[in-house]
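Accompanying notes for the structure given below.
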Amino acid sequence: MSLSNFASQASERHNVPEIEAQTSPEVLLNPLTVSRNENERVFIEPSVNSIRVSIRIKQADEIEHILVHKFTRFLTQRAESFFILRRKPVKVR
């Protein structure tokens, strides 16, 4: 996956993440779903200058809930190396 410095077509002199703005459909690439089973999947939405990765992990019991919480904390602690990191669910199209 390659990202490029792409100036926004909607706002002048800014590089807006196109996956967040979704103002021009021609710069959005085909989304990809990698699924292990129904409860564990990764949804990847690429564009020319940004990528959104949504991770869905099964949380059937208390141990899995704790492991998911620790994994999320691990990613959040390294958020300074990411431009945008949120725990907001995304509607799969």
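Positions 1 to 93 (UniProt numbering) are the ones given, in order, by the sequence shown. Backbone N, C-alpha and C fix where the C-beta goes; we use that ideal spot for every residue, glycine too.
| Query | Result |
| --- | --- |
| Coil, strand or helix - Arg6 by DSSP | It should be pointed out that residue 6 corresponds to Phe in this sequence rather than to Arg. Looking at Phe6 - three-state DSSP - the assignment turns out to be coil, as it is neither helix nor strand. |
| Bridge partner(s) assigned by DSSP for Glu38 | Partner(s): none; Glu38 has no beta bridge. |
| For Asn49 and Pro17, believed in contact at Cβ under 8 Å, the rounded distance | 6 Å |
| Length of the line joining the Cα atoms of Gln59 and Thr76 | 19 Å |
| Paired residues, beta bridge with Pro46 - DSSP | Ile51 |
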